[in-house]
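In terms of this note's numbering, the sequence shown opens at residue 36 and continues consecutively. Where is the CB? At the ideal position from N, CA and C, for every residue including glycine. Computed from a predicted model, the values in this text were never measured in an experiment. Structure, as structure tokens:
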Amino acid sequence: MATYAVGDIQGCFDALQQLLAHIKFDPKKDTLWCAGDLVNRGSKSLEVLRFIKQLGDSAVVVLGNHDLHLLALSAGNEALLHKSDTLKPILEAEDCDEIIAWLRQQPFLHHDKKLGFTMIHAGLPPQWDFKLAQQCARELEILLKDDEKFPEFMQQLYGDGKKTKKWSNKLEGWERVRFISNCFTRMRYCNAKGKLELKRTGSVGMETQIHGDDGFLPWYVHEHRKSRDMKIIFGHWATQGFHAGHGVFALDTGCLWGGILTALRLEDEAVFSVRCKGEATPKTYNAPKVA
Numbered sequence: 036m037a038t039y040a041v042g043d044i045q046g047c048f049d050a051l052q053q054l055l056a057h058i059k060f061d062p063k064k065d066t067l068w069c070a071g072d073l074v075n076r077g078s079k080s081l082e083v084l085r086f087i088k089q090l091g092d093s094a095v096v097v098l099g100n101h102d103l104h105l106l107a108l109s110a111g112n113e114a115l116l117h118k119s120d121t122l123k124p125i126l127e128a129e130d131c132d133e134i135i136a137w138l139r140q141q142p143f144l145h146h147d148k149k150l151g152f153t154m155i156h157a158g159l160p161p162q163w164d165f166k167l168a169q170q171c172a173r174e175l176e177i178l179l180k181d182d183e184k185f186p187e188f189m190q191q192l193y194g195d196g197k198k199t200k201k202w203s204n205k206l207e208g209w210e211r212v213r214f215i216s217n218c219f220t221r222m223r224y225c226n227a228k229g230k231l232e233l234k235r236t237g238s239v240g241m242e243t244q245i246h247g248d249d250g251f252l253p254w255y256v257h258e259h260r261k262s263r264d265m266k267i268i269f270g271h272w273a274t275q276g277f278h279a280g281h282g283v284f285a286l287d288t289g290c291l292w293g294g295i296l297t298a299l300r301l302e303d304e305a306v307f308s309v310r311c312k313g314e315a316t317p318k319t320y321n322a323p324k325v326a
């Protein structure tokens, strides 16, 4: 009986099946945690969603930015469709409504007290402790599940409204919602005051991670981060690759880009990986060796 957390799948269904075979995953006794971005860019997003959905209680999912992108398209924001998107098969599937309804029930943060792990897709600003992170996640989840508010929620996230990049307890309304969403699904770098830098996506050397070069650091290395007592699993950062340290486990190892797909067994923190053929332009990774 084991619990495995896996990084961004992004429609790479075949690699997921290879990884599950490698770890001898048994849904009758094991549990699979997915750190968001189940879909997009890969060729089999629909197959990934159907598979994870049918696992029922044997799967735990948190939402990532590509999952939100799919939800926004499903809400009628067709102008958001990108040339690189591979989401049409989902939107045209006979079970699309059922899949979208299931996605809207998924959280932005999952915590298992017994295992001592918390899973998110992207990051937490330094000012958020566990209690505040839970509260902020619930604010988004309530909007996502509300049939009346869901379309406006999707419109506001991707519309032209004010895009606040700095945390404040005084944030209200859609401005607050946008900031919280950016933290859970998009952030990589921020400064000590909780200001986000969303355009920077590349990997950084450990020297820069520790000391910084312009005040912006990977969110998890900030000395006074209030979530430092948590063990956090996240994805979203393929160019960084696998990282274990600072109380976090970064699991996006770039399967989509020809890297590897990585799973972490939570009971003993063992790492398992399989090579991926890659379905998009290759990038450079700091990834672990395949077990």
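Fill in: Within the stretch 276–323, ranges of the beta strand (DSSP E) (whole runs, at least 3 residues)
278–280, 283–285, 295–300, 305–310
Worksheet item: By DSSP, does Ile268 sit in helix, in strand, or in coil?
Response: strand
Practice prompt. Go through its chain and collect everything with a Cβ distance to Leu108's Cβ below 7 Å, but skip five positions before and after it.
Written response: Residues of the same chain with a CB within less than 7 Å of the CB of Leu108, apart from the 5 flanking positions on each side, are Leu115, Leu116, Leu122, Leu126 in chain order.
Item to complete: Please list, in chain order, all residues of the same chain as His271 whose beta carbon is under 6 Å from its beta carbon, the five residues on each side excluded.
Response: His156, Ala157, Asp287
Item to complete: Please go through the same chain and pick out, in chain order, the residues whose beta-carbon is closer than 7 Å to the beta-carbon of Leu159, but skip the five residues on each side of it.
Response: Ala168, Cys218, Trp254, Ser262
Fill in: Sub-8 Å separation of Cys69 and Leu291 beta-carbons
no
Item to complete: Output the distance between the C-alpha atoms of Asp303 and Gly208, rounded to the nearest integer angstrom.
Response: 42 Å
Fill in: Reduced DSSP secondary structure (H/G/I, E/B, other) of Pro142
coil
Worksheet item: Can you pull the DSSP bridge partners for Leu331?
Response: What the structure shows of the chain is the stretch from 36 to 326, and residue 331 is not part of that stretch, so it cannot be assessed.
Discussion item. Contact defined as beta carbons within less than 8 Å: I believe Leu98 pairs with Phe143. What is the distance between those atoms, to the nearest angstrom?
Written reply: 6 Å
Discussion item. So, for Cys311: in the same chain, excluding its five sequence neighbours on each side, which residues have a beta-carbon less than 7 Å away from its beta-carbon?
Written reply: Cys47, Ala50, Cys290, Gly293, Gly294, Ile295, Leu296
Worksheet entry | Run of the beta strand (DSSP E) containing Val83, from where it starts to where it stops | Looking at the DSSP string, Val83 is not in any beta strand (DSSP E); the run it does join, the alpha helix (DSSP H), is 80–89.
Practice prompt. Ignore the nearest five residues each way along the sequence and tell me which others in His281's own chain have a CB closer than 7 Å to its CB.
Written response: Tyr255, Val256
Practice prompt. Output yes or no for whether 8 Å exceeds the beta carbon distance between Gly77 and Asp102.
Written response: no
Worksheet item: In this structure, does DSSP put Phe152 in helix, strand or coil?
Response: strand
Worksheet item: DSSP three-state call for Trp202: helix, strand or coil?
Response: Taken through DSSP and simplified to helix, strand or coil, Trp202 comes out as coil.
Fill in: Burial state of Glu314 (16 or more Cβ within 10 Å)
buried
Practice prompt. Grab me the residues of Lys79's own chain with a C-beta within less than 8 Å of its C-beta, minus the 5 sequence neighbours each way, in chain order.
Written response: Gly46, Cys47, Phe48, Asp49
Practice prompt. Give every residue of the same chain whose Cβ lies closer than 6 Å to the Cβ of Arg221, excluding the five residues on either side of it in the sequence, and list them in chain order.
Written response: Asn100, Ala157, Leu233
Worksheet item: Where does Met241 sit, in a helix, a strand or coil, going by DSSP?
Response: Unreliable placement is indicated for Met241, whose pLDDT of 44 sits below 50; the coordinate value is still reported in the next sentence. Of the three classes helix, strand and coil, the one that applies to Met241 here is helix, per DSSP.
Discussion item. According to DSSP, is Leu105 part of a helix, a strand, or is it coil?
Written reply: Of the three classes helix, strand and coil, the one that applies to Leu105 here is helix, per DSSP.
Fill in: Own chain residues within Cβ distance below 6 Å of Ala94, not counting five before or after
Leu67, Ile87
Discussion item. Suppose the cutoff is 6 Å on Cβ atoms and the five residues either side in sequence are ignored; what does the same chain contact list for Lys200 look like?
Written reply: Lys230, Leu231
Worksheet entry | Opening and closing residue of the beta strand (DSSP E) in which Cys69 lies | 66–69
Worksheet item: Under the rule that 16 or more other beta-carbon atoms within 10 Å means buried, what is Ala279, buried or exposed?
Response: exposed
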